[in-house]
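Asks:
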Amino acid sequence: MSSADLLSPMLSEVHNSAHPNQKTLIVLLGPTAVGKTDLALDLAEAIGSPIINADSRQLYRDLPIGTAAPTAEQQLRVPHYFVGTLSITDYYSAARYEAEVLKLLEELFRTHDTLLLSGGSMMYIDAVCKGIDDIPTIHEETRTMMRQRLAEEGLPRLAAELKLLDPEYFAKVDLHNTQRIVHALEICYQTGRPFTSFRTATHKERPFRIHKIGLRRERADLFQRINSRVDQMLADGFLDEARRLLPYRNENALNTVGYKELFQVLDGTWELPFATERIKKNTRVYAKKQMTWFSRDTSINWIDLPNTQTSLSL
RNA sequence: GGUGCCUUGGAUGAGUGGCUUAGUCAACGGUCUGCAAAACCGUCUACAGCAGUUCGAAUCUGCUAGGCACCU
185 MSSADLLSPM
195 LSEVHNSAHP
205 NQKTLIVLLG
215 PTAVGKTDLA
225 LDLAEAIGSP
235 IINADSRQLY
245 RDLPIGTAAP
255 TAEQQLRVPH
265 YFVGTLSITD
275 YYSAARYEAE
285 VLKLLEELFR
295 THDTLLLSGG
305 SMMYIDAVCK
315 GIDDIPTIHE
325 ETRTMMRQRL
335 AEEGLPRLAA
345 ELKLLDPEYF
355 AKVDLHNTQR
365 IVHALEICYQ
375 TGRPFTSFRT
385 ATHKERPFRI
395 HKIGLRRERA
405 DLFQRINSRV
415 DQMLADGFLD
425 EARRLLPYRN
435 ENALNTVGYK
445 ELFQVLDGTW
455 ELPFATERIK
465 KNTRVYAKKQ
475 MTWFSRDTSI
485 NWIDLPNTQT
495 SLSL
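Under this note's numbering, think of the first position of the first sequence as 185, with each following residue one higher.
1. Between the segment 364-379 and the segment 284-302, do at least 3 Cβ pairs fall closer than 8 Å?
2. Taking the C-alpha atoms as reference points, what is the distance between Q242 and A230?
3. If I follow the unbroken alpha helix (DSSP H) through H395, where does it start and stop?
4. Closest to E445 by CA distance: which of E461, P431 and A437 is it?
5. Output the distance between the C-alpha atoms of V312 and R401, rounded to the nearest integer angstrom.
6. Just grab the DSSP bridge partners of V211 for me.
7. Using beta-carbon positions only, say whether D405 and N466 come within less than 8 Å of one another.
8. Take L292 and list the residues in its own chain whose beta-carbon comes closer than 6 Å to its own, dropping the five residues that flank it on each side.
9. Check whether the Cβ atoms of G304 and P215 lie closer than 8 Å to each other.
10. Ordered along the chain, which non-local residues of its own chain (more than five positions away) have a Cβ less than 7 Å from that of Q448?
11. Can you say whether T138 is buried or exposed, counting buried as having 16 or more other CB atoms within 10 angstroms of its CB?
12. Below 8 Å between beta carbons: does that hold for F407 and L213?
13. What number of angstroms, rounded off, separates the C-alpha of L498 from the C-alpha of A335?
14. Check whether the Cβ atoms of I410 and A471 sit closer than 8 Å, and answer yes or no.
15. In chain order, which continuous runs of the beta strand (DSSP E) of length 3 or greater are located wholly inside the segment 277-349?
16. Can at least three beta-carbon pairs, one atom from the segment 191-198 and one from the segment 378-385, be found at a separation below 8 Å?
17. Going by the beta-carbon positions, is the gap between V262 and L289 smaller than 8 Å?
18. What is the rounded straight-line gap between the Cα of Y373 and the Cα of R245?
19. What residue does the alpha helix (DSSP H) around W477 start on, and which one ends it?
20. For P248, count the other beta carbons within 10 Å of its own beta carbon; 16 or more makes it buried, fewer makes it exposed. Which is it?
21. Going by beta carbon distance, what residues of the same chain come within less than 6 Å of M307, once the five residues before and after it are set aside?
22. Who are H264's beta bridge partners in DSSP?
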């Protein structure tokens, strides 16, 4: 099956969604390794759009191999936005992504009717499509303070405090989930208001139409693609990439499938073959999580991709 | 031929009469509005087979099957 054959169902999706006098954002999404990058390039060329990346890890410029980021050659073919724009120590969030993408879209829609956003970061996509509540960013001091309190006092005490400061959120949050409890408390402290008061869950209206195209494959095929892609990454120097990043291992950007496991190898605690299996497994788990998230989104128009030919490497 | 030991759910591995379905891993399902390739939750109720002892057995007894070790 040629790429043109794969492109046509997407193009008909685009044409069906076309609306006179209305700007349209095409969102191409799907689990990791499903084949978004290649199809996004074809689709972008066909509709004359650049590609706006929606992969939260490809934003970091030092992770090209481990995140299967678009290559220089691919970026020459089609201009990309939000690829390699962050350094490993930069703070980033879905909310910032929302703001920056919206700003970019406003500019690009002046010269384009249809734009392409492509990626698999569920929350980033939702942030662009539905919006995220306007919650203040936590200051570094607050963050440090809470981290320390967590270490000294433990989660149960922080949870008890959250119960006083924001009983509504306390009632619904998972009390085992440290991240969420800590974040809610950070907001309460920094703003003097309950976290819940910021959570309006408003679905923001966008000044353009959104058409989501989801790519999916049979699970066995997807898993096979994941496995061989991990092997390919290692052949391409993934371990060296991780070695260069070792000094930054505690940065959030490196709390990422692949790097975590390779750091164990560099520490000497894991053998490479073992780590490789873990990377494959964790990538499969990630792909399943993506599918679970996407399956709730009824606005996605799914395209089932044909099984990968085993004769094709990569 | 004889003697001794072993046999637990997909894998690993505790448990020696009743304080539950140990635990771990894998697999599967799910949650999700600010670090999201993150963080978190749930499910999989097994004890080689058969017959006994007992109020009650994975746990005791016997036999059968399979495996391991040693002996003549």
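For each residue, glycine too, the CB sits at the ideal point set by N, CA and C.
Replies: Per the coordinate set shown:
1. no
2. Rounded to whole angstroms, the gap between the alpha carbons of Q242 and A230 is 23 Å.
3. H395 -> not in any alpha helix (DSSP H); beta strand (DSSP E) instead, spanning R393 to R400.
4. E461
5. 25 Å
6. According to DSSP, which records beta bridges pairwise, V211 is partnered with L301 and K396.
7. The answer is no: Cβ separation not under 8 Å.
8. L299
9. yes
10. W454 and A459
11. Examination of residue 138 is not possible in this model, given that the chain is present from 185 through 498 alone.
12. Not in contact: F407 and L213 (Cβ atoms no closer than 8 Å).
13. Because the pLDDT at L498 is just 40, under 50, the model does not fix this residue reliably, and the value given afterwards should be weighed accordingly. Each residue's Cα considered, the two are about 44 Å apart.
14. yes
15. 298-302
16. Segments in contact, no.
17. no
18. 34 Å
19. L456 to S479
20. buried
21. A278
22. Looking at the DSSP assignment, H264 forms a beta bridge with I235.
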